[in-house]
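Residue numbers (our numbering): 1 to 189.
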């Protein structure tokens, strides 16, 4: 089974250089952090295991779906989204005070008069910093897929399509890893 780094090396998209640089810079943290607090891949290194598992599911299902009926996005585009879909987690579940700790870790956001740490906002800030630091850009569909990787939630509209096909695909890949293989794949990232 290919590791996360090997999966990134297999990409054809030129942005793989940035993804590999991010992975190499944060490798220790990615293999320290858990995949979640308790729901899936909740062991040390579970974050890297979960991301690698999502990408493997992507490669398998993208190929099958694209053979059935051509998809409007590449497997690499889905890999990029899946690589970043939980990018806040290493900084959330990694060691406090560690050299890799992101400056937004304990940030409090004010929304509707309420104060809380909203990790979705932290994810967007981390992603914006990484785009700037490593010189890559995500497409509009990739941003949409990142927003809706975990479903549409309260954004769902009966008469309007909110998430794009890429978002549906990455949601499916994440859901398979987190809900079907939630306790499998230890050390395979």
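Every residue gets a Cβ at the ideal spot worked out from N, C-alpha and C, and that includes glycine.
For clarity, every value in this text was computed on a predicted model and none was experimentally measured.
### Query
Which same chain residues, not among the five before or five after residue 84, have their C-beta less than 7 Å away from its C-beta?
Only 127, 146 meet the Cβ criterion.
### Query
Measuring CB to CB, does residue 7 end up less than 8 Å from residue 55?
Yes. Within cutoff.
### Message
Pop quiz: residue 40 and residue 168 are said to be a contact at Cβ under 8 Å. What is the actual Cβ separation, rounded to whole angstroms?
### Response
Not quite, the Cβ-Cβ distance comes to about 20 Å (not below 8 Å), so this is no contact.
### Query
Does the pairing of the stretch 7-18 with the stretch 150-166 give three or more beta-carbon distances under 8 Å?
Here the stretch 7-18 makes no contact with the stretch 150-166; the two share fewer than three CB pairs at distances below 8 Å.
### Query
Within 10 angstroms of its Cβ, does residue 120 collect 16 or more other Cβ (buried), or is it exposed?
Residue 120 is exposed by the Cβ-count criterion.
### Message
Tell me which residues share the same chain as residue 46 and place their Cβ nearer than 6 Å to its Cβ, disregarding the 5 neighbours each side in the sequence.
### Response
The answer, listed in chain order, is 34, 35.
### Message
Quick check on the DSSP output: the alpha helix (DSSP H) that includes residue 39 runs from which residue to which?
### Response
Counting along the chain, residue 39 falls outside any alpha helix (DSSP H), and DSSP gives it neither H nor E.
#### Entry: Per-residue DSSP class, three states only, for residue 163
Residue 163: coil per DSSP, three-state reduction.
### Message
Would residue 185 and residue 53 be called neighbours here (beta carbons separated by less than 8 Å)?
### Response
Yes.
### Query
Between 180, 148, 188, which lies nearest to residue 140 when the distance is taken from Cα to Cα?
Of the candidates 180, 148, 188, the one whose C-alpha sits nearest the C-alpha of residue 140 is 148.
### Query
CB-CB under 6 Å to residue 170, same chain, minus the five flanking residues each way: which ones, in chain order?
Taken in chain order, the residues that qualify are 78, 81, 82, 145, 149.
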